[in-house]
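Counting from 1, position 4 in the sequence shown corresponds to residue 6 in our numbering; the numbering is continuous, with no gaps.
Glycine included, C-beta positions come from ideal geometry on N, C-alpha and C.
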Amino acid sequence: MMTAVGVPMIWMGEEFGEHVPMSEQSNKIDWTLLENDANKDLREYYRTLIRFRTSNPACRSNNVDFFHEDPDAGVLCFQRFDDEGSVIVVALNLSDDTLEDYTVTNFPLDGPCREITNDSALVASESAVTLDLPRRAGFLFTKGEADG
Numbered sequence: 003m004m005t006a007v008g009v010p011m012i013w014m015g016e017e018f019g020e021h022v023p024m025s026e027q028s029n030k031i032d033w034t035l036l037e038n039d040a041n042k043d044l045r046e047y048y049r050t051l052i053r054f055r056t057s058n059p060a061c062r063s064n065n066v067d068f069f070h071e072d073p074d075a076g077v078l079c080f081q082r083f084d085d086e087g088s089v090i091v092v093a094l095n096l097s098d099d100t101l102e103d104y105t106v107t108n109f110p111l112d113g114p115c116r117e118i119t120n121d122s123a124l125v126a127s128e129s130a131v132t133l134d135l136p137r138r139a140g141f142l143f144t145k146g147e148a149d150g
């Protein structure tokens with residue numbers, strides 16, 4: 003959602019793990035959830051994505067290119083880019099299976115890349131990259147070195 007074209011919507015406390023379903027009754031957000039480490043971690047994850055989105059011009063453009071689609075494996079990869087050269091790459095494993103040593107072809111970044119959500123590094127070469135993709139997971143890449 004944070005990498006899609008348009009304005010993202012965060013719904014009723016989802017950024018920190020609120021789990022009460024929507025109803026016609028008045029529901030107050032349970033702020034005590036932020037006392038739990040897992041909920042704090044989820045909120046920090048959202049903060050990371052929001053900071054990235056607001057600081058990256060590619061996220062504000064309408065340009066999107068789906069460069070790798072593998073329906074059998076459940077993998078979808080796309081890039082967002084602007085006219086000044088800002089590029090982000092999203093790799094999604096939408097399946098229930100972990101995919102180890104999965105090769106993403108047509109990868110638009112070359113050389114050192116940084117994965118944003120866990121600040122890890124990889125090197126893309128010859129328009130391909132090999133990734134371990136956990137089930138139902140997504141990764142967000144930019145050009146450059148990891149910080150850590």
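Q: Assign Gln-27 to buried or exposed, taking buried as 16 or more other Cβ atoms, counted over all protein chains shown, within 10 Å of its Cβ.
A: Counted from its first residue, the sequence shown places residue 27 at position 25. It counts as exposed.
**Q.** Under the three-state DSSP convention, the category Ser-57 falls into
**A.** Within the sequence shown, residue 57 is the residue found at index 55, counting from 1. Ser-57: helix per DSSP, three-state reduction.
Q. Quick one: what's got a C-beta closer than 8 Å to Lys-42's C-beta in the same chain, skipping five residues either side?
A. The residue labelled residue 42 in the question sits at position 40 within the sequence shown. These residues qualify, in order along the chain: Phe-18, Leu-36.
**Q.** 8 Å contact criterion, which Gly-140 and Val-91 should meet: CB distance rounded
**A.** Taking the sequence shown and counting its residues from 1, one reaches residue 140 at position 138. Taking the sequence shown and counting its residues from 1, one reaches residue 91 at position 89. So it is not a contact: roughly 11 Å between Cβ atoms.
Q: Output the distance between the C-alpha atoms of Asp-39 and Asp-121, rounded to the nearest integer angstrom.
A: Taking the sequence shown and counting its residues from 1, the one referred to as residue 39 is at position 37. Taking the sequence shown and counting its residues from 1, the one referred to as residue 121 is at position 119. Rounded to whole angstroms, Asp-39 to Asp-121 spans 20 Å at the Cα level.
Q.
Please classify Val-106 as buried or exposed, where buried requires at least 16 other C-beta atoms within 10 Å of its C-beta.
A. In the sequence shown, residue 106 corresponds to position 104, counting from 1. Buried.
(Q) Can you tell me whether Thr-34 is helix, strand or coil according to DSSP? (A) For the purposes of this step, residue 34 is taken as residue 32 along the sequence shown, with counting starting at 1. Here Thr-34 sits in helix by DSSP.
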